[in-house]
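Below: the structure, in C-alpha coordinates.
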Amino acid sequence: MIEELLNYQVAGVALREVLTVEFLAGILGNVLAAIAILLAGFIIGAWLKRRIRGLGAKYEQL
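Each residue of the sequence shown is one higher than the last, beginning at 205 in the numbering used here.
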(Lines of atoms letter the chains of each structure in order from A and count residues from 1; the text may use other names and numbers.)
(Lines give C-alpha, C1' and ligand atoms only; values in the text may rest on other atoms or scores of the structure.)
Protein backbone atom coordinates (compact mmCIF):
# COMPACT_ATOMS: atom_id res chain seq x y z
CA MET A 1 0.00 0.00 0.00
CA ILE A 2 2.68 2.51 0.99
CA GLU A 3 4.92 1.41 -1.88
CA GLU A 4 2.09 2.13 -4.31
CA LEU A 5 1.57 5.55 -2.76
CA LEU A 6 5.28 6.43 -2.88
CA ASN A 7 5.49 5.33 -6.51
CA TYR A 8 2.45 7.43 -7.49
CA GLN A 9 3.39 9.76 -10.36
CA VAL A 10 2.42 13.44 -10.32
CA ALA A 11 3.48 15.34 -13.45
CA GLY A 12 6.05 12.64 -14.16
CA VAL A 13 7.64 12.82 -10.70
CA ALA A 14 7.18 10.09 -8.09
CA LEU A 15 6.27 11.07 -4.53
CA ARG A 16 9.33 9.11 -3.39
CA GLU A 17 11.54 11.65 -5.20
CA VAL A 18 9.74 14.63 -3.63
CA LEU A 19 9.55 13.35 -0.04
CA THR A 20 13.26 13.39 0.75
CA VAL A 21 14.75 13.84 4.20
CA GLU A 22 15.95 17.32 3.21
CA PHE A 23 12.48 18.36 2.10
CA LEU A 24 10.80 16.97 5.21
CA ALA A 25 13.41 18.61 7.47
CA GLY A 26 12.76 21.93 5.74
CA ILE A 27 9.02 21.61 6.30
CA LEU A 28 9.60 20.71 9.95
CA GLY A 29 11.86 23.74 10.37
CA ASN A 30 9.26 26.04 8.84
CA VAL A 31 6.51 24.67 11.09
CA LEU A 32 8.67 25.06 14.21
CA ALA A 33 9.59 28.63 13.21
CA ALA A 34 5.91 29.48 12.70
CA ILE A 35 5.03 28.07 16.12
CA ALA A 36 7.85 30.06 17.73
CA ILE A 37 6.63 33.27 16.07
CA LEU A 38 3.06 32.63 17.26
CA LEU A 39 4.21 31.95 20.81
CA ALA A 40 6.33 35.10 20.84
CA GLY A 41 3.33 37.09 19.62
CA PHE A 42 1.09 35.69 22.35
CA ILE A 43 3.71 36.40 25.03
CA ILE A 44 4.29 39.97 23.84
CA GLY A 45 0.53 40.53 23.50
CA ALA A 46 -0.10 39.35 27.06
CA TRP A 47 2.70 41.58 28.37
CA LEU A 48 1.30 44.62 26.52
CA LYS A 49 -2.19 43.84 27.82
CA ARG A 50 -0.90 43.85 31.41
CA ARG A 51 0.98 47.11 30.82
CA ILE A 52 -2.06 48.86 29.34
CA ARG A 53 -4.36 47.64 32.12
CA GLY A 54 -1.79 48.80 34.66
CA LEU A 55 -1.76 52.27 33.13
CA GLY A 56 -5.56 52.38 33.24
CA ALA A 57 -5.57 51.46 36.92
CA LYS A 58 -2.82 53.95 37.75
CA TYR A 59 -4.33 56.93 35.92
CA GLU A 60 -8.10 57.12 36.39
CA GLN A 61 -8.63 59.61 33.53
CA LEU A 62 -7.47 56.96 31.04
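Where a beta carbon is used, it is the ideal one built from N, C-alpha and C, also for glycine.
Computed from a predicted model, the values in this text were never measured in an experiment.
Have a look at A261 and A250 and give me their C-alpha separation to the nearest angstrom.
Taking the straight line from one Cα to the other gives about 17 Å.
Give a yes or no on whether the C-beta atoms belonging to L210 and R220 are separated by under 7 Å.
A distance below 7 Å separates the beta carbons of L210 and R220.
Per DSSP, cross-strand counterpart(s) of A237
None, per the DSSP bridge assignment.
Please state the DSSP three-state secondary structure of A218.
Looking at A218 - three-state DSSP - the assignment turns out to be strand.
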